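For the sequence shown, our numbering begins at 2 and goes up steadily by one. Please read the structure below before turning to the comments.
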Amino acid sequence: MIRTVTDSVSKESAIDEVIATCNGDMRGAIKALLLVNEHLEAELQHYAHRSNLARRSNVA
């Protein structure tokens, strides 16, 4: 599920949800967030690369 957290109450709820999902394990929650972040960074790089390729093919 994709969701955007915009206000501080929602952020606190999201943090609580991540910690609860990891059975209260703070280290596990941080690890899960880091893994999600790595995945999102890789996805962003993928789309940036595709966008650059598309621009190059439109210029030529």
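Even glycine gets a Cβ: it sits at the ideal position worked out from N, Cα and C. None of the values given here were measured: they were computed from a predicted structure.
| A55 burial status per 10 Å Cβ neighbour count (16 or more: buried) | Looking up residue 55 in the sequence shown gives position 54. It is exposed - the Cβ of A55 has fewer than 16 other Cβ atoms within 10 Å.
| said: Could you tell me the alpha carbon to alpha carbon distance between R57 and N24, rounded to whole angstroms? | reply: Residue 57 sits at position 56 when you count from the first residue of the sequence shown. Residue 24 sits at position 23 when you count from the first residue of the sequence shown. The alpha-carbon atoms of R57 and N24 are separated by roughly 48 Å.
| In the structure shown, what three-state DSSP assignment does D17 receive? | Taking the first residue of the sequence shown as 1, we reach residue 17 at position 16. Helix.
| message | Just to confirm before moving on: does the CB-CB distance between V19 and L34 stay below 8 Å? | response | For this step, residue 19 is matched to residue 18 along the sequence shown. For this step, residue 34 is matched to residue 33 along the sequence shown. The answer is yes: Cβ separation under 8 Å.
| task | Helix, strand or coil for G29, going by three-state DSSP, please let me know. | result | By one-based count along the sequence shown, residue 29 stands at place 28. Reduced to three states, the DSSP call for G29 is helix.
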